[in-house]
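Notes for the one structure printed next.
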Amino acid sequence: MDRGGNAPPFLLQWFNMIRMKNLFLACSLFLCTLAASNPVETGHARASLITNLQDSQQESFYVGVRLEMQEGWHTYWENPGDSGSPFDAKWNVAEGLIVENVEWPTPITIPYPPLMTFGYEGDVVFPFKVFRAIDSDLSSISVDFDFLICADICIPEKASLTLDLSSATPNALVDAAVQNLPAKIIQTQSIVEGNSLKTKFKFSQPIKEAYLFPRQDNLFSYTPTQQFVSLGDNSYEITVPVLKDEVASFSGILSINGEGFQIEEQLESTASMSLWQAILFALIGGLILNLMPCVFPVISLKVLSFVSMGGDDNSKIRNHALSFVGGVMSTFLSIATALIIIRSTGSMIGWGYQLQSPVVVGILTLIMLGIGLILLTNINFASGLTTFGSSVQSRNDYSGSFFTGVLAVVVASPCTAPFMGAAIGYALLQPSFATLPIFLALGLGFAGPYLLLALKPEWISALPKPGAWMETLKQFFAFPMIATALWLMWVFMVQTSGDALILLLLLGLILGIAIWMIATFKGRWKWLGMLVTLLAAVQIFNNLPENTSGLLADSSAEQWNLAIESDLQAQDQAYLINFTAAWCITCQTNEKTAFARDKVKEYLIDQNITYVKADWTNRNEEIAIGLARYERTGIPLYIFWKPGMPGSKILPAVLTEDLLIKSMQ
Amino acid sequence: MKVFLTLIATFTFSSLTYAAEIKLQNPPINTEAPNFVAINSYGKTIQLSDLKGSPVILEWTNHDCPYVARHYNENNMQSVQKIARDAGIVWLSIISSTPGDQGHVSPEKANELTDSRGASPTHVLLDESGEIGMLYGAKTTPHMYMIDANGILRYKGAIDDIGRGMQFFNTAFKEAKNYVSSQINQLLAKQSLAINSTTAYGCSVKYNYD
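Protein sequences appear in the order of chains X and A.
With positions in the first sequence counted from 1, the corresponding number in my numbering is that position plus 56.
With positions in the second sequence counted from 1, the corresponding number in my numbering is that position plus 7.
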């Protein structure tokens with residue numbers, strides 16, 4: 057804790073004084089004193105050492121260096137801005153005492169246009185936390201406090217302060233200073249767009265003024281004001297001009313109405329993917345999406361309906377294929393538009409976000425169940441009611457093909473295919489003009505095979521000949537649909553409660569009766585059952601309880617929070633983070649094929665890897681922010697880090713136990 | 008003081024347009040250094056573009072700034088100047104302090120300072136309006152810029168690596184890495200420098216802001 061050498065501090069100070077005699081000549085004119093006392097007049101300030109130590113048994117307390125600066129003079133924050141310097145405190149304490157680094161108070165802007173500096177004026181207390189071994193004696197504590205004090209001109213001043221802790225009276229100013237420290241972390245989401253950093257945050261009160269003080273120098277330019285706009289719904293966005301194209305991370309203090317909040321921000325470089333690359337990824341991802349478990353039954357029905365068209369004339373096949381493509385594309389377009397609108401309100405959103413609503417899940421459950429029943433009972437729905445998937449019977453009904461396209465996208469929403477996550481993540485974090493083309497590319501990829509069919513209807517002859525086997529297969533496909541319904545019921549239960557699930561099952565029963573009525577009776581009143589189902593659904597979905605306990609909780613996993621990565625990295629602790637949700641079927645598949653396997657569990661224990669789970673089954677803004685750090689807006693997302701790695705890495709979206717273990721080696 | 012506080016208030020709470028008028032530029036490294044015309048302490052007109060063919064070092068200075076004072080009192084700046092001049096480099100010391108503020112000097116005083124401190128700049132340029140300072144984005148004294156013989160800006164920033172923090176006043180210059188003197192050979196070779204941009208430290212340049 058000494059000044060570094062073996063010579064007593066006094067001698068070194070004297071030496072410094074000689075060495076910088078011209079500097080300190082100025083200082084001495086203002087009665088600058090180097091004697092150890094308390095307080096000390098340094099020239100343009102009075103410095104004193106104070107504490108909030110109440111009781112001689114306290115193991116931790118604060119000491120504060122108080123600077124009462126003359127009017128018009130200021131000293132600096134840890135990042136002084138365009139010029140200036142933070143102070144330097146060298147402590148001299150007895151054994152058994154540890155003085156931590158200063159906890160910086162919230163700075164203010166001190167502009168000298170065109171320059172900007174950050175610091176403090178008037179009366180300021182710099183608090184230092186002190187830890188004390190319980191058996192140590194309370195004795196004197198001393199500090200050599202070197203600081204730069206400036207008005208129009210700057211003068212380095214210093215004070216050697218000593219406080220006898222055994223006799224010091226607690227000073228309320230220390231408590232006040234600690235109370236006002238920027239201790240809370242504010243959740244932010246930042247991107248670099250052009251020459252600006254745009255940082256979004258939420259604040260529940262009206263904001264009169266806000267300023268982001270970056271801790272690192274040479275990243276941002278310091279302007280007199282920073283533009284901030286309200287995005288509605290308590291969301292705000294502050295804009296800070298950047299000096300460099302790449303800002304990987306930064307920290308700082310966000311001062312809102314004079315109150316400070318800590319910011320810790322990790323940005324993925326937005327230049328990591330170009331728009332064209334994202335569009336290509338979206339095309340490939342959309343194509344693969346056809347094979348994902350949730351979409352497959354619906355798609356295969358469509359394929360069957362095409363098979364049954366074998367031998368029909370090509371224009372009909374083309375029209376059906378185009379109708380289907382139209383359904384797919386317009387649904388993707390609607391989703392993109394909805395996402396852009398929701399995003400403009402400042403909400404964090406992601407792919408599959410609609411399944412975070414139990415109402416949507418409930419409705420999807422009924423749709424799946426309904427399709428299953430229709431397939432089994434072989435009802436020929438009259439035209440006018442959407443013939444979900446069952447266009448086998450109504451070959452001329454192009455709206456059937458269109459709605460199959462819509463339905464395919466709707467049921468695809470819980471899935472994220474490989475490549476898709478990155479593309480959608482890019483789309484949602486980019487300005488609107490980039491969002492639309494990426495979603496259209498996704499739709500194009502998804503509808504690709506059918507588009508091809510529309511272009512070359514004769515290729516349909518390559519498919520098996522239609523026949524009685526199709527009827528059998530069609531009935532069989534009722535079961536994947538019902539299985540999907542069962543899965544959705546589970547999601548619904550995780551989101552709500554077991555009681556609510558019973559109500560949903562009851563709705564399923566009513567729906568079954570309704571479908572039976574339509575199939576069995578004639579006349580207008582056969583629709584009565586449907587009407588009852590609708591009314592009952594409205595009643596039930598309006599009064600759903602919300603489950604907050606998180607049924608996906610896993611005793612072997614740590615609960616995720618926004619700071620967990622930096623915490624674990626600080627402890628040199630390897631970790632694996634699993635962003636998952638009940639409604640994400642790819643996630644659930646990975647749970648079964650990788651995470652739940654004994655081999656994986658043993659590996660995690662052997663290698664001392666902390667397993668962290670983030671459950672996004674219900675809406676959760678924090679998790680959305682966490683995903684955005686990786687430029688993602690959807691799941692699954694798996695993050696791994698171990699000591700020695702420069703940064704955490706993203707694991708593949710589709711995992712097996714071997715792949716998971718291999719990617720952690 | 009009231010005027011000063013009013014100014015602070017004005018700048019804190021409004022006036023993006025005003026700020027824009029006196030915005031500091033930030034000339035990019037490895038591109039042509041912005042040209043300027045200035046009057047030296049002997050009343051002679053100096054134009055940067057006329058100096059092409061020799062490398063040029065710009066030094067923003069303010070003799071009363073404690074940071075600058077220490078560099079001169081301990082003969083550090085003078086020795087860097089000597090190394091540069093011996094290598095055929097043109098050294099321009101630029102004073103952007105506005106009249107009435109710290110560091111502003113008459114031409115006579117500027118010459119007297121050069122003599123009394125044993126400094127050897129090629130020219131001392133008086134930039135009372137701060138125009139050249141803002142053109143280069145000079146923030147502090149000292150703030151250094153290195154331009155090669157083709158007129159390409161190769162370095163901007165601090166003179167050495169000991170400046171951020173109060174340790175500046177306790178660290179010997181021989182322990183510092185001097186970004187200017189250590190990179191003179193690359194500058195002569197018209198190469199991109201290994202270290203080409205650092206955060207300058209020191210007192211603020213005393214621009215005219217009222």
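For each residue, glycine too, the CB sits at the ideal point set by N, CA and C.
Collapsed DSSP secondary structure at residue i in the structure displayed
i, result
"A:Q174", "helix"
"A:K213", "coil"
"X:F535", "helix"
"A:H78", "helix"
"A:D57", "helix"
"A:N42", "coil"
"X:T433", "helix"
"X:M701", "coil"
"X:W616", "coil"
"X:H130", "strand"
"X:R736", "In the structure as shown, chain X begins at 57 and stops at 721. Residue 736 of chain X is therefore absent and cannot be evaluated."
"X:F597", "helix"
"A:K197", "coil"
"A:I202", "coil"
"X:A207", "coil"
"X:Y667", "strand"
"A:H130", "strand"
"X:T173", "strand"
"X:D628", "coil"
Proximity below 8 Å, CB of residue i to CB of residue j
i, j, result
"A:A91", "A:I191", "yes"
"X:L422", "X:G564", "yes"
"X:A497", "X:L339", "yes"
"X:T666", "X:E713", "no"
"A:I96", "A:L132", "no"
"X:V303", "X:L253", "yes"
"X:H100", "X:W147", "no"
"X:V417", "X:L425", "no"
"X:A638", "X:W546", "yes"
"X:F635", "X:A593", "no"
"X:L683", "X:Q531", "no"
"X:S222", "X:L194", "yes"
"A:G172", "X:S139", "no"
"A:P73", "X:C210", "yes"
"X:V199", "X:L123", "no"
"X:L323", "X:A490", "no"
Amino acids of chain X, ordered along the chain, whose beta-carbon sits closer than 8 Å to that of residue i
i, result
"A:T147", "D138, S139"
Contacts of residue i in chain A (Cβ-Cβ under 9 Å)
i, result
"X:C210", "C72, P73, Y74, Q109, G209, C210, S211"
Candidates the options: closest to residue i by CA position
i, options, result
"X:R374", "X:G481, X:F337, X:L507", "X:L507"
"X:I679", "X:A575, X:F502, X:A556, X:Q243", "X:Q243"
"A:K30", "A:Q198, A:L142, A:G209", "A:L142"
"X:P183", "X:L237, X:A334, X:L217, X:I309", "X:L237"
"A:N157", "A:D122, A:P128, A:A196, A:D134", "A:A196"
"X:R102", "X:E177, X:G703, X:A575, X:G554", "X:E177"
"X:W515", "X:P163, X:I397, X:V363", "X:V363"
"X:Q114", "X:A189, X:Y168, X:P161", "X:A189"
"X:T552", "X:L587, X:P601, X:A570", "X:P601"
"A:P41", "A:N69, A:Y49, A:Q54", "A:Q54"
"X:V121", "X:G137, X:K258, X:F143, X:Q110", "X:F143"
"X:W160", "X:I294, X:V186, X:W133, X:P536", "X:W133"
Residues that residue i contacts on chain A, provided the C-beta gap is smaller than 8 Å
i, result
"X:N274", "S204, T205, T206"
"X:L202", "Looking at the sequence shown, residue 202 of chain X is not Leu but Asp. Here the neighbours are M173, F176, N177."
Interface residues of chain X facing residue i [CB-CB closer than 7 Å]
i, result
"A:G172", "S141, P142, D144"
"A:Y49", "What A:Y49 touches in chain X: nothing, since even the nearest Cβ is about 28 Å away."
Residue i: contacting residues in chain X (beta-carbon distance under 9 Å)
i, result
"A:L31", "D138, P170, L171, S277"
"A:Y186", "Here the premise fails: no neighbours, minimum Cβ distance about 14 Å."
Beta carbon proximity, residue i to chain B, threshold 8 Å
i, result
"A:M141", "Here chain B cannot be found, since the structure's protein chains are X and A."
Chain-ordered residues of the region 150–164 of chain A with a beta carbon less than 8 Å from chain X: Residues: none.
Residues within the region 294–317 of chain X neighbouring chain A, beta-carbon criterion of under 9 Å: Answer set for the region 294–317 of chain X: L299.
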